[in-house]
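Notes for the one structure printed next.
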Amino acid sequence: MNFSYMIGKVEDYLFFCRPFLLIPGVAIFILASNDKQFRVYEFVTVLLILILSYITNQIYDIDSDRFNNKNFFLPQEIITVNEAYRIGIFFSIVAGIFFLLSDEPLSIFLLWLFVNIFYNHPRFNWKSKPILSLLSAFFGGFFVAIIASDVLDYKAILYGILMLCGGLLTSFDDVDGDKYSDKITFVVRYGMGKSLILLRFLSFTGFAISSFNGEYILGILFALTFFYRILFHLSGYQISKYLILSITVLASFRYPIFIVTLILLFFYSRNYYQRKFGIKYP
64 MNFSYMIGKV EDYLFFCRPF LLIPGVAIFI LASNDKQFRV YEFVTVLLIL ILSYITNQIY
124 DIDSDRFNNK NFFLPQEIIT VNEAYRIGIF FSIVAGIFFL LSDEPLSIFL LWLFVNIFYN
184 HPRFNWKSKP ILSLLSAFFG GFFVAIIASD VLDYKAILYG ILMLCGGLLT SFDDVDGDKY
244 SDKITFVVRY GMGKSLILLR FLSFTGFAIS SFNGEYILGI LFALTFFYRI LFHLSGYQIS
304 KYLILSITVL ASFRYPIFIV TLILLFFYSR NYYQRKFGIK YP
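Under this note's numbering, the first residue of the sequence shown is numbered 64, with each subsequent residue one higher.
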């Protein structure tokens, strides 16, 4: 086994963990921390649980990803399913250790782990149930905000709603692939019209509650999900990208090192995907 092969394999494992998809969760963690000096244990725990969520999702979404021609690692057997399971088990154990060291309530970690299992496992298959799939997206933002702030309040609920809006947006462009793989998302079940009504209702509600309570950063984010669609007629995928960019910029004002890390990650990711798959991503 030569050195270049080993480096390539490490890169495959790294990008299989979808580091660029960690950006929204990390940004929400930064924004929800309210300038509190969070410990490394809390931050690493969030990273590991998010990575575990993306790995589990890829394991059970092979057919949909193959049809939509994305997330190439498992469909093209660059990483085997058995390898993916081993990686997932490893991250579960390490995440549990870091969570115990963080002094956060164990119940939060267990609830988040159960939601991840219920969302992806074929026996429960929440991702194929319109309401439960949105509820899972809500819990993602909700749990990140609680761990970051150590407070269970309306802001954690608002961050959950924001992630729900993001999950709804990203499903707009995956309708054909979701139908092909029998993944009954909210958009597939109820159609684009009702999905847009729900998105606008959630965005406006989040904006109103945030503004009323003086949470202007959250208010801006909810306003963006609402007005990007109306003013610029963007696709769901485009709106989600601009929403992530907006969250990232706001978080970078609090921690400038965040944007530096993201710039490096962007160019490294672009180079890797160009070399490996011949595509421009991200």
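From the three backbone atoms N, C-alpha and C, an ideal C-beta is built for every residue, glycine too. Please read these numbers as outputs of a predicted model, since none were measured by experiment.
- Across the structure, Y148 and S155 are spaced so that their CA atoms are roughly 10 Å apart.
- Pairing A286 with F270, the inter-Cα distance amounts to about 6 Å.
- Around D237, the same chain offers N131 as residues with beta carbons nearer than 7 Å, after the five sequence neighbours per side are excluded.
- DSSP places G204 inside the alpha helix (DSSP H), whose first and last residues are 193-212.
- In the three-state reduction of the DSSP assignment, F135 falls in the coil class, being assigned neither a helical nor a strand state.
- Going by DSSP, L231 is part of the alpha helix (DSSP H) stretching over 217-234.
- Of P82, I209, Q121, I322, the smallest CA-CA separation from W175 is found for I209.
- According to the DSSP assignment, I160 belongs to the alpha helix (DSSP H) that extends over 144-164.
- Under the three-state reduction of DSSP, T248 is assigned to coil, being neither helix nor strand.
- Here the alpha carbon of N65 sits roughly 40 Å from the alpha carbon of T233.
- The alpha-carbon separation between P138 and F275 amounts to approximately 47 Å.
- The beta strand (DSSP E) runs lying completely inside the stretch 93-126 and spanning 3 residues or more number zero.
- Under the three-state reduction of DSSP, E74 is assigned to helix.
- Nearest to P168 by C-alpha distance, out of I141, Y331, F249, F206, is F206.
- Between the alpha carbons of K192 and V251 lies a distance of about 10 Å.
- Sixteen is the threshold: when 16 or more other Cβ atoms of the shown chains lie within 10 Å of the Cβ of P87, as they do, the residue is buried.
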